[in-house]
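Note that the protein sequences, when read in sequence, are chains A and B.
Counting in the working numbering, the first sequence runs from 1 upward without gaps.
Counting in the working numbering, the second sequence runs from 104 upward without gaps.
I have placed the structure first, in the form of structure tokens, so that the comments after it can refer back to it.
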Amino acid sequence: MVVRIRLARFGNKHQPFYNIIVAQARSARDSKPLEVIGTLNPFPQRPTNLSEQEARTARAYKEISLDRSRVKYWLGVGAQPSDPVWRILNLAGLVQQKQQSPK
Amino acid sequence: MFQWLDTEGAPLKHHIPGSTNYLPDLKIRGGSFDKGEPSTQPFPLNANFVSESILSEELRNEIHKRVVGQKKSIRAVSAELGVDMRRVAAVCRLVEMEKRWKQQGKPLALPYARAVHEMVPTTPLQDSRHQRQTPHESINDLPAHRLTNAQIFYPVSESRQFTRIEAGRVFSAAPARDHRIVTEEAANPSEAMSRITQNPSRIETVGKGAKEQPVLQPADVRIPHPHLVVHERQRIANPNEFQLVRKAYDARLREEEEIERDRKLIAQERRERQLSRVQPESSRFEFRIKDVVVSKETTGSDGRGARAPGRRYGVPSYDRKKGQIKIPTQVVV
Chain A
1 MVVRIRLARF GNKHQPFYNI IVAQARSARD SKPLEVIGTL NPFPQRPTNL
51 SEQEARTARA YKEISLDRSR VKYWLGVGAQ PSDPVWRILN LAGLVQQKQQ
101 SPK
Chain B
104 MFQWLDTEGA PLKHHIPGST NYLPDLKIRG GSFDKGEPST QPFPLNANFV
154 SESILSEELR NEIHKRVVGQ KKSIRAVSAE LGVDMRRVAA VCRLVEMEKR
204 WKQQGKPLAL PYARAVHEMV PTTPLQDSRH QRQTPHESIN DLPAHRLTNA
254 QIFYPVSESR QFTRIEAGRV FSAAPARDHR IVTEEAANPS EAMSRITQNP
304 SRIETVGKGA KEQPVLQPAD VRIPHPHLVV HERQRIANPN EFQLVRKAYD
354 ARLREEEEIE RDRKLIAQER RERQLSRVQP ESSRFEFRIK DVVVSKETTG
404 SDGRGARAPG RRYGVPSYDR KKGQIKIPTQ VVV
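See the structure below:
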């Protein structure tokens, strides 16, 4: 069976918060995983404490936390990231961008 | 009510600028205006409800001038004018906002503000050349710490020094210190206190794993302005050397501020080191990726350690339970 790196949804209704987890592919989304290796808060946060000049150009940010060494280990032993996690790992510079498959 | 306003309550119909307009004022005024001190008790039957002074316009502008114009620290301005540090910070933010609104041409509720300032007690700004500023409020208050709720019977031999530091250690169940260190510290308490306030990261911890917590420190270092205690000690020691004590106070304050600034800078740098910012061309957002550690130490033996990343499994969240406050009740400055 395949081991996947994927997201598990936490938080409340209309307030998602995701754990980035390593789990068996056939297990339920929110079941206890092999390991929690990070989090993703999909709500954009407004940067604060900026000067007026900075505030004009500042982008809202999304918070991700990730244990890079654990990600490298799990990728090394053949774990397969799901598409959203692939995009996160690409941002962190851990995997190449996925080629768009023809629809 | 209108009958009362026409007869007995007639003096309260229009307020006198600079004086409160509360019911007990009726008795003080005795029908004629301007007799005696205005009352600070809005409800005649509730003596415990006292209306507190608010900052006057001049004092408010002075705070903003000193912090923003003269670049003084919030701590220094708070001690000079006797205004809580949180209030000083709030005043600066609000005055800035007012300025911005004026710039944008937004209407301000000035008649309302004027009426309120005329009707509630205010703390005036004293001319600093002639008088000392009357403090607006108590600035060194400290809420009772949870650990001090316990009543502990702790016998101490007479030959031993037992200071507030030792009392804090007893409350947090930390082992007693060596007698020699305690005696040395008791000889120079100011230095002992500043050593703690300047190096908060070196405070000893007790307990293991998730229960690890710092040893309870004495109130002298937990109060908002520990440097004032040292200042008071110096003042009592040198009663006739006002200038000298004042100079020492300024120097100490500057030193404390520098150390605090350095500490904040180091903490900020450490945070930045663990954070990488990615701004993809194709996205509206910036992504801040924080490095975390997943290991046996952080997750704990049962996998529920609080230091590991992510929401926990099998730990109920009580946020829908009764009595859970979700609206922030205070602003941490």
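For every residue, glycine included, the Cβ atom is placed at its ideal position computed from N, Cα and C.
Mind reading off the beta-carbon distance from GLN80 (chain A) to ARG4 (chain A)? Whole number of angstroms is fine, and I expect it under 8 Å. 5 Å
Classify VAL186 (chain B) as buried or exposed, calling it buried when 16 or more other Cβ atoms lie within 10 Å of its own Cβ. buried
Got a sec: which bits of the region 34-49 of chain A sit with their beta carbon under 7 Å from any beta carbon on chain B, in order along the chain? GLU35, VAL36, ILE37, GLY38, THR39, PRO44
In the DSSP assignment, what are the bridge partners of GLY38 (chain A)? A:ILE20, A:LEU66
Same chain, Cβ closer than 8 Å to ILE242 (chain B), five either side skipped, listed in chain order: SER181, ALA182, GLY185, VAL186, ASP187, MET188, PRO327, HIS328
Is the Cβ of ILE5 (chain A) closer than 8 Å to any Cβ of chain B? no
Residue of A:ALA28, A:LEU34, A:PRO42 minimising C-alpha distance to PRO16 (chain A): A:PRO42
So if I threshold CB-CB distances at 7 Å, which residues from the region 66-77 of chain A count as touching chain B? LEU66, ASP67, ARG68, ARG70
Taking Cβ to Cβ, would you say VAL36 (chain A) is nearer than 8 Å to GLY413 (chain B)? yes
Measuring CB to CB, does SER176 (chain B) end up less than 8 Å from GLU360 (chain B)? yes
Count the other CB atoms within 10 Å of the CB of VAL77 (chain A); is the residue buried (16 or more) or exposed (fewer)? exposed
Alpha-carbon spacing of VAL171 (chain B) relative to ASN164 (chain B), whole angstroms: 10 Å
Taking 8 Å as the threshold (beta carbon to beta carbon), is PHE265 (chain B) in contact with chain A? no
Out of B:GLY403, B:ASN341, B:HIS330, B:ILE299, state which residue places its alpha-carbon closest to the alpha-carbon of VAL318 (chain B). B:ILE299
So the beta strand (DSSP E) ASP394 (chain B) belongs to, where does it begin and stop? 389-394
Pull up the DSSP beta-bridge partners for GLY93 (chain A), would you. Paired residues: none, contrary to the question.
Identity of the residues DSSP links to TYR104 (chain A) by a beta bridge: Residue 104 (chain A) is absent from the structure shown; chain A starts at 1 and stops at 103.
Taking all protein chains shown into account, decide if ALA476 (chain B) is buried (16 or more other Cβ within 10 angstroms of its Cβ) or exposed. Residue 476 (chain B) lies beyond the residue range present for chain B, which begins at 104 and ends at 436; the question has no answer from this structure.
DSSP-derived helix/strand/coil call for PHE10 (chain A): strand
Where PHE136 (chain B) sits in the DSSP three-state scheme: The pLDDT assigned to PHE136 (chain B) is 48, lower than 50, so where the model puts this residue is not dependable; a value taken from the coordinates is nonetheless given after this. Looking at PHE136 (chain B) - three-state DSSP - the assignment turns out to be coil, as it is neither helix nor strand.
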